[in-house]
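The structure appears below as structure tokens.
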Amino acid sequence: MIGVLALQGAFQKHYDCLKKIDVQCCFVKHLEDLEKCSGLILPGGETTAHLKLLKNDFWKALVEFGHVKPIFGTCCGLILLSSKIVGSPVPTLELMDLTTERNAYGTQLDSFEDEINAELDGQTVLVKGCFIRAPKILEIGPGVKVLATHFQNPVIVEQGLHLACTFHPEISMDTSLHAYFADRCREAFQVT
Ligand code: GLN
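Each residue of the sequence shown is one higher than the one before, starting from 476 at the first, in our numbering.
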């Protein structure tokens, strides 16, 4: 079962993408919902709004979850997974060794769509990305693998159990990254 954090932002489309590829999924609105999940998607949205909604015990539960189970963060989700934020710093879960700048492409008017070549399981896969007030990854730690770049900026990264991208893959209902993440969750728990 893959949970989609459903407090704020683009959670519905992530759920629809998982359904489209026949992955069991649920919304996570309360920390008890986490218990049945073997992986979790942190959707795009607004980081500051998420921080207001994620109360202390929920926050702690997410950190503990991330120490043992896979998380896929998109856009705001990647910001929350990062270890350091520059620009407009916010507290983060610090689960991936990334230094990230929020709103790094400019304002809402500078949002754009592009096709991204991702290296997924030894294959080059074209992923459609919507960059909506997207962050940029400025630095990565030694344990971070870059799965795709866009004009030399890493835009899809992986570290240990976790996957993150700076854009929204779900808006165009592109399910390649959801399928990749579901495989990682199956591997982590050796579920066939
Ligand atoms: N700009 C947002 C932030 O920094 C993230 C945007 C998004 O998730 N689409 O919180």
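Glycine included, every Cβ here is placed at the ideal spot set by N, Cα and C.
Owing to the predicted nature of the structure, the values given are computational and were not obtained by experimental measurement.
- Boundaries for Lys544: no beta strand (DSSP E) harbours it, and the DSSP string shows neither H nor E there.
- Rounded to the nearest whole angstrom, the CA to CA distance from Gln499 to Pro629 is 30 Å.
- For the segment 484 to 528, the full-length beta strand (DSSP E) segments reaching 3 residues or more read 500 to 503 and 514 to 517 along the chain.
- Lys620 counts as exposed, since fewer than 16 other beta carbons sit within 10 angstroms of its beta carbon.
- Within 6 Å of the C-beta of Glu576 there is not a single heavy atom belonging to the ligand GLN.
- Of the heavy atoms belonging to the ligand GLN, none sits nearer than 6 Å to the Cβ of Thr624.
- For Gln598, the secondary structure class from DSSP, reduced to helix, strand or coil, is strand.
- Taken from the Cβ of Thr522, at least one heavy atom of the ligand GLN lies inside 6 Å.
- Counting along the chain, Gly552 sits inside the alpha helix (DSSP H) bounded by residues Cys551 to Leu556.
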